[in-house]
Amino acid sequence: MERDPQAHWLETETALYYARAAVRIGLWASEKSLITKYFHPTDRLLELGCGGGRVALGLLQAGYPQVVATDFSPIMVSLARAVLADHHPAWERCVEQQDATALTYPAADFAGAIFAFNGLMCLPSRAHRLAALRSIHRVLKPGGILIFTASDREKGANAAYRAKEAASDDEIPGDRWHESDTSPVFMHSSTEAETRSELSETGFSTMECPLSTEVAQDGPAVEAFAGETRFYIATKS
Ligand SMILES: C[S@@+](CC[C@H](N)C(=O)[O-])C[C@H]1O[C@@H](n2cnc3c(N)ncnc32)[C@H](O)[C@@H]1O
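Going by our numbering, the first residue of the sequence shown is number -16, and it counts up by one from there.
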């Protein structure tokens, strides 16, 4: 039976898991470090794939008031709104339903964008990832900054594990379904060369792409939640 890559994100249990992460885990030290380095508190910022509001809450609490947090999943949007409203009544208005591959904001509307914790890699194909990158590129100002992460299948902590996976002839390298407590999760793990090339094809210049462990020590809670991943910081050229 054909599996639906979006089903996992539409389930209440999944959304509750990410809403709990917003409260219990918060911003990773590595995210905080790069956000502080690249985003200014007065920047209008777009978050893609906000889940339960983990990054939006962290940004708002860290003094970035101009955040628009978006997700395609209605249940994620509802729970992110609830999490943010619990912290400040006005913050629930920061959350909007948007599909990252077809953003409806005006061109050049945002100074920065963030697609945290491998969200871009949850899109079902390369064509979808390119559509999202093009869509984000359109709504960023010239010189605007995009921060996102992608699990690296070639280098770092995940490489040995990925190398052990038997790839069938018809499988796209890096595409994988992971079992979960709810429906299976689709996730693509990329290589640095592949993601740099997708960025360049969609009009971005890669500024740096460190592994999360090279940015900061995130600690055991983040390690259990997310493992090691690679950050990409790119600018709209
Ligand atoms: C791995 S979760 C990360 C959630 C959150 N950013 C965090 O770090 O806790 C990926 C998120 O991307 C969202 N997502 C998947 N496809 C999307 C799309 N096409 N447009 C917008 N969001 C999408 C999912 O609903 C989910 O909330």
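Where a beta carbon is used, it is the ideal one built from N, C-alpha and C, also for glycine.
It is roughly 13 angstroms from the alpha-carbon of E211 to the alpha-carbon of C192.
With three or more CB-CB distances shorter than 8 angstroms, the stretch -2 to 13 counts as touching the stretch 41 to 59.
Taking a cut-off of 8 angstroms on C-beta distances, the stretch -6 to 5 touches the stretch 52 to 72, as three or more cross pairs fall below it.
Annotation: A94 to I216 spans about 13 angstroms, alpha carbon to alpha carbon. Taking a 10 Å sphere around the C-beta of I18, we find 16 or more other C-beta atoms and assign the residue as buried.
DSSP, read as helix, strand or coil, puts I130 in strand. For V38, the shortest separation between its Cβ and any heavy atom of ligand 1 lies below 7 angstroms.
In the structure shown, A217 adopts extended strand secondary structure according to DSSP, grouped into three states. From the listed residues P107, S220, G36 and F187, the smallest Cα separation to A99 is found for G36. Membership of M59 in the alpha helix (DSSP H) is indicated by the continuous run P57 to H70.
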